[in-house]
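With the numbering used here applied, the sequence shown covers 5 to 300.
In what follows, a single structure is set out as structure tokens and then discussed.
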Amino acid sequence: MDQKALKHYEKCWFIRSFEAAIARAAAAGKVPGLVHLSTGSEVADVLLAHHLDWRRDKVTGSHRSHGIALACGTEPLDVAKEILGKKGGLSDGLGGTQHLIATSGETSFLMSNGIVGAQVPLAAGAALSAKSRGSDGIGVAVFGDGAANQGAVFETMNLAVVLKLPMLFVMYNNGMAQSTSVAQATESDFSDRARSFGLNTWKTDSNDYPDCARTLHQGAASARRSEPGFVEVKVTRDHGHYYADGEDFDASPAIENFEKYLLTQGFNSKLLRVAKKSGVQKAAAIVAEAMEAADA
Ligand SMILES: Cc1ncc(C[n+]2csc(CCOP(=O)(O)OP(=O)(O)O)c2C)c(N)n1
Ligand SMILES: [Mg+2]
5 MDQKALKHYE KCWFIRSFEA AIARAAAAGK VPGLVHLSTG SEVADVLLAH HLDWRRDKVT
65 GSHRSHGIAL ACGTEPLDVA KEILGKKGGL SDGLGGTQHL IATSGETSFL MSNGIVGAQV
125 PLAAGAALSA KSRGSDGIGV AVFGDGAANQ GAVFETMNLA VVLKLPMLFV MYNNGMAQST
185 SVAQATESDF SDRARSFGLN TWKTDSNDYP DCARTLHQGA ASARRSEPGF VEVKVTRDHG
245 HYYADGEDFD ASPAIENFEK YLLTQGFNSK LLRVAKKSGV QKAAAIVAEA MEAADA
């Protein structure tokens, strides 16, 4: 049995439960600003993080980055406190939910940014830094289908190829940019566009755990050879653009498919229940601790 897959399953539920607790905090008026939950990309977040090493790789993310920050190993209590806008958060609560900045700790997460697309050139900076220092690290930008139409993203694709940067572009396609669908906003194929800049390209679906794992591995390996890569990952947006109360956190298509896959790999449902419970309870306890500290 692939024990790391079970760990990934537990981590998916950890992230989802963390987001559910943050949603409860938001509903209680405890979170400054709008909270964009990362529910629906848990499998992608966990698999991307799996291919990275906090000592040398750096990831930048969008306004919707709680999941990738947690998956990359950022201290969850510090993330929760940051989202609540409190002292002890990643940047003592000054950044909040959309500006998670991890300058220390054992995490491959660097930062997130509320300006759509702005995190992409920043990952190129991380890639250039890694290349200049000869660290063998890569810079990874995680962005959405909406951000994919930003000029800064195209400029960065061009620059990454021209400078042969160890960089990976990971586009989470959840079909929507706020209230505009991909069909309304984009005529061409995202991969075709990236390929025209000279990037190696792949497409995968987070509903297919093994395919998603293989594809992200190929993308990261390409970046590490200084052949910039672009991976389009199909994910879902399980909740609204930003959180509004009264929503359900039990079901997620990608996690349900992951669960079915694990059942074909020799894991039984009891093992999965234990892993899920462990992830859910750990996250709930961490956010509760952050809430208590925030109230104090
Ligand atoms: C430069 C800029 N333009 C517009 C916005 C408002 N805005 C915030 S999120 C968002 C949609 C982004 O869609 P996508 O990149 O697909 O990410 P998703 O929300 O689907 O994860 C928009 C338009 C912004 N924050 N920054
Ligand atoms: Mg989107």
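Even for Gly, the Cβ is constructed at its ideal location relative to N, Cα and C.
As the structure is a computational prediction, the values presented were derived from the model and not from experiment.
- Under the DSSP definition of a beta bridge, TYR176 partners with GLY148, VAL237.
- By the criterion of a C-beta distance shorter than 7 Å, ASP57 is surrounded in its chain by SER112, once the five residues flanking it on both sides are discounted.
- Taking 7 Å as the cut-off, the beta carbon of MET171 is found closer than this to the beta carbon of ALA164.
- Between the C-alpha atoms of ASP49 and ARG241 there is a straight-line separation of about 13 Å.
- Rounded to the nearest whole angstrom, the CA to CA distance from LYS286 to LEU88 is 18 Å.
- For the 7 Å CB-CB criterion, PHE147 and MET115 do not form a contact.
- Selection around ligand 1 by beta-carbon proximity, strictly under 5 Å to any non-hydrogen atom, yields ARG68, ILE119, VAL120, GLY148, ASP149, GLY150, ALA151, ASN178, ALA181, GLN182 in chain order.
- Partner residues in the beta bridge of VAL63, as assigned by DSSP, are PHE113, VAL144.
- Rounded to whole angstroms, LYS280 and ASN162 show a C-alpha spacing of 42 Å.
- A direct Cα-to-Cα measurement between SER139 and LEU52 gives close to 20 Å.
- Taking a 10 Å sphere around the C-beta of ALA134, we find 16 or more other C-beta atoms and assign the residue as buried.
- Straight through space, the alpha carbons of VAL166 and HIS221 are spaced by roughly 23 Å.
- For THR205, the secondary structure class from DSSP, reduced to helix, strand or coil, is strand.
- Exposed is the label assigned to ILE119, since fewer than 16 other Cβ atoms lie within 10 Å of its Cβ.
- Per DSSP, ALA248 lies in no alpha helix (DSSP H) segment and is marked neither H nor E.
- SER185 sits in a strand when the DSSP states are folded into three classes.
- In chain order, HIS67, ARG68, TYR246 place their CB closer than 6 Å to the CB of HIS40, counting only its own chain and leaving out the 5 sequence neighbours on each side.
- DSSP places MET295 in the helix class (H, G or I) of the three-state scheme.
- Inter-residue distance for GLU263 and LEU74 is about 21 Å (C-alpha atoms, whole angstroms).
- In the three-state reduction of the DSSP assignment, MET171 falls in the strand class.
- With fewer than 16 other CB atoms across the displayed protein chains lying within 10 angstroms of its CB, GLN7 is exposed.
- Taking 7 Å as the cut-off, the Cβ atoms of ALA152 and THR64 do not count as close.
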